[in-house]
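Take a look at the structure set out below.
Residue numbers (the numbering used here), protein chains in the order written: chain A, 1 to 463; chain B, 1001 to 1463.
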């Protein structure tokens, strides 16, 4: 008997009409009367269940009919197309083998649970409908990102997580060590901590970004991207912060800020398009139960042409607005959440805000000719605010060094990064896309903890 | 003037014959006489350079002809097809704009450098031919892995790196902390280290595997894979060990050891096939300069049907061999490198060695009915030895708990993992594929440090 997955059955049920098939999976639901019953079965390969009809013709009908949710079975039967029923086909079982019975104290019964409760059973919640939708979208979106960059000739660069450079000051970084922290740390004769027997022989940190290493690869392969986990030690307990998340950081040689915005727009639309095509059931579910109007929001994104304005123009618009602000708009300051919201509503679509005051942006961003702003750009989208942040990179050795000194950073730690401006310098740009923020935008999920399989946040590191 | 990439020109040069095109890139080589010269240019998008012909008709001919290697230019000119020349086409420049001059002390001049030297300029070595080949193959192979699993209905699961579970004993794990290790660690009133103000409020580690978390996802999505960086703190200075590497860990529900081997074989062949198709220039280079016979080795892999033998049979064969061993083959022991080599030579191809003595394998592997062996399998390939390691997982709650206790592990730390055997248990299997070991096999590179962009090994954490 040929074994099929739920996905294969949904794809090919017309071809399989009246054929005998076998399927293994988990019981998602079971309704029975004395002589027959209906099992909703799933093997995790597709968002929808299949219906298995059982009857007392089965020699183990009573045992099967008593099975609890999430028991596993192997069912063989005839595929019958049921055109006018809720489901397009069903399996009329001729044999059901019980593989395992699920304990009765299964903590994920078929009822509505709160998101908070589901976080306490993070090992089981991927089985709940919401997380079946969210984590499949996560997988499809991740692959769409790889597809986008690979098809466009980018090289996937695996930049390191472990670093010894603490040029920005290590206070805020995660430290990594093989020393036993339950004991006294070893000391040098001067009374300092002795790192010489630590694995790398010196103090070691976790990087919060692959950009600098990414630029070295862009200076060899032209167009590259990174996509990997990022660990940041911020002590922020908000709905949008996690201490472990995934990030995409493309870097493109011979590319200025305008070309960068073209790429960002193209990339975001590609990802959203792929998810809409490949996760229609999941998006339907999210639209119904998570964010009403989600599908329309995403469809509208695909049709819109993203507006491009300077930071200064954004502040002009905010200042002219006939309303009170919690944070007064300021030409020298960042945009607050309320500002981002207003700007995307004002333009009724995604907006690139570019050319920011240099003092509130990073040292590696290209100083504009005005000497006051840098060629940075944030993409703001309706409903979620900033979703991508990028910039043209400073490609002039002396200017970059000056900026590093202005920020009181230790240039010697990143001489290799400065070197890229001596050896093959070129106009180049890159951006960062926080994968979880993107997923929150695409699924409508409001808390970052619910788009990450096992979220890590301050004081929370379970499982 | 339309801007093209080197890759686009190689793809479309016949269509572009006699058209005027523009290209930006790095000078890889430059030969000149008084009145004309040849520039080999590349923008990183393709393994081969393109030839730009310059002559004294350019108003800045003298400046251009003097440019050093890895200076950047923007060249415009006519594409001329040159059928009988070494390169299929060239660009006859009508205008060359100098974008940046590379400093004369550029440490990567066009001559043969040792691999050891190149590691000291890890930020520049991706520009060298060897690393152009290796890191593009790395990117293509990584995407092939995603393609393989996505096309076959697997969900990509992002398992966490940060963990608080130390059930196997934390001595050997990396610790992660936000405490200042340069100062005395805070103490509780009992004199123990006080982790309560550490970010997660308790001692935190880095996991060495995503398998356990992966299994939770397999119990929801049926087929899943992970693909991410793995940090291990082993103090091993060998050619095959690094402290940061990438790993792929698929987990498949309703899948036994035989089906697992089918998947492993299919997956490996898919990756190799994709690399051969998409990196023919790079593989050609590796075959010529890194491992003679590489292409043949890979082609042979695609054609072979992998042998499957029990560990016991492997030992039988080794014991019958008419030769001396450094390590005597033993029914209760692991295979040494020399044994792996002999076995793959004996069968003249890849060999699955399965059903290993339980005491030398992990607790989570399925105990066979003999009570002595576990359903584990290692794939040995000619030239590289073990490349994949997998097993059917113990799906019986009580047997798994017993094995955990036998290994003196703390079961309470992974109750959530045990739970999978109470709630929806099923025959399931998975394997691990070390991405760098695979790359060493595919490229012929002998040291793991040379297939990783910025390798981290004991006492080595530069850049």
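For every residue, glycine included, the Cβ atom is placed at its ideal position computed from N, Cα and C.
Taking the alpha carbon of residue i as the point to measure from, which residue in the options has its own alpha carbon closest?
i, options, result
"residue 1345(B)", "1150(B), 1461(B), 1314(B), 1413(B)", "1314(B)"
"residue 463(A)", "1059(B), 1266(B), 1419(B)", "1419(B)"
"residue 76(A)", "5(A), 123(A), 136(A), 107(A)", "5(A)"
"residue 1053(B)", "1449(B), 1039(B), 1163(B), 1098(B)", "1039(B)"
"residue 1276(B)", "1292(B), 1296(B), 1373(B)", "1296(B)"
"residue 47(A)", "285(A), 118(A), 407(A), 274(A)", "285(A)"
"residue 80(A)", "70(A), 92(A), 194(A)", "92(A)"
"residue 180(A)", "1146(B), 1189(B), 1195(B)", "1195(B)"
"residue 1074(B)", "1089(B), 1086(B), 1101(B), 1263(B)", "1101(B)"
"residue 129(A)", "400(A), 29(A), 51(A)", "29(A)"
"residue 1350(B)", "1367(B), 1366(B), 1320(B), 1304(B)", "1304(B)"
"residue 401(A)", "416(A), 388(A), 332(A)", "416(A)"
"residue 265(A)", "316(A), 381(A), 318(A)", "381(A)"
"residue 407(A)", "162(A), 132(A), 274(A), 365(A)", "365(A)"
"residue 1159(B)", "1111(B), 1329(B), 1226(B), 1135(B)", "1226(B)"
Identify the continuous beta strand (DSSP E) that holds residue i and give its terminal residues.
i, result
"residue 1352(B)", "1351-1357"
"residue 1076(B)", "1072-1081"
"residue 1230(B)", "1227-1231"
"residue 263(A)", "No beta strand (DSSP E) holds residue 263(A); the alpha helix (DSSP H) holding it covers 257-278."
"residue 1248(B)", "1244-1248"
"residue 428(A)", "428-434"
"residue 1030(B)", "1020-1032"
"residue 1115(B)", "Not the beta strand (DSSP E): residue 1115(B) falls in the alpha helix (DSSP H), residues 1115-1120."
Run through chain B and tell me which residues come within less than 8 Å of residue i, C-beta to C-beta.
i, result
"residue 162(A)", "1231, 1243, 1244, 1456, 1461"
Between residue i and residue j, is the Cβ-Cβ spacing less than 8 Å?
i, j, result
"residue 178(A)", "residue 1174(B)", "yes"
"residue 1208(B)", "residue 1228(B)", "no"
"residue 1534(B)", "residue 43(A)", "No statement about residue 1534(B) is possible, as the shown extent of chain B runs from 1001 to 1463 and does not include it."
"residue 377(A)", "residue 362(A)", "no"
"residue 1301(B)", "residue 1269(B)", "yes"
"residue 1123(B)", "residue 216(A)", "yes"
"residue 352(A)", "residue 308(A)", "yes"
"residue 56(A)", "residue 78(A)", "no"
"residue 1456(B)", "residue 1142(B)", "no"
"residue 261(A)", "residue 434(A)", "no"
"residue 1070(B)", "residue 1027(B)", "yes"
"residue 23(A)", "residue 3(A)", "yes"
"residue 1072(B)", "residue 389(A)", "no"
Which bits of chain B does residue i rub up against, with CB to CB less than 9 Å?
i, result
"residue 175(A)", "1175, 1176, 1177, 1178, 1179, 1180, 1181"
"residue 132(A)", "1220, 1221"
"residue 392(A)", "Near residue 392(A) there are no residues of chain B at all, since even the closest Cβ is about 14 Å away, more than 9 Å."
Check the Cβ of residue i against every Cβ in chain A and list those closer than 7 Å, keeping chain order.
i, result
"residue 1193(B)", "181, 182"
"residue 1153(B)", "5, 7, 45"
"residue 1024(B)", "254"
"residue 1103(B)", "422, 423"
What residue range does the alpha helix (DSSP H) around residue i cover?
i, result
"residue 61(A)", "61-65"
"residue 216(A)", "211-221"
"residue 299(A)", "294-303"
"residue 86(A)", "Residue 86(A) -> no alpha helix (DSSP H), and no H or E assigned at all."
"residue 150(A)", "129-151"
"residue 1343(B)", "1337-1347"
"residue 10(A)", "6-12"
By a C-beta neighbour count over all protein chains shown, 10 Å radius and 16 as the cutoff for buried, is residue i buried or exposed?
i, result
"residue 293(A)", "exposed"
"residue 1219(B)", "buried"
"residue 1441(B)", "buried"
"residue 104(A)", "exposed"
"residue 438(A)", "buried"
"residue 370(A)", "exposed"
"residue 188(A)", "exposed"
"residue 250(A)", "buried"
Whose Cβ in chain A lies nearer than 9 Å to the Cβ of residue i?
i, result
"residue 1157(B)", "126, 135, 138, 139, 453"
"residue 1099(B)", "254, 425, 426, 427"
"residue 1200(B)", "243, 456, 457, 458, 459, 460, 461"
Using a cut-off of 8 Å between C-beta atoms, extract the partners of residue i located in chain A.
i, result
"residue 1203(B)", "181, 182"
Residue i touches chain B at which residues, Cβ-Cβ below 7 Å?
i, result
"residue 447(A)", "The premise fails here: residue 447(A) is roughly 17 Å from chain B at the closest Cβ pair, so nothing lies under 7 Å."
"residue 185(A)", "1181, 1185"
Taking Cβ-Cβ distances shorter than 9 Å, what residues in chain C pair up with residue i?
i, result
"residue 1356(B)", "The question asks about chain C, but that chain is absent: this structure's protein chains are A and B."
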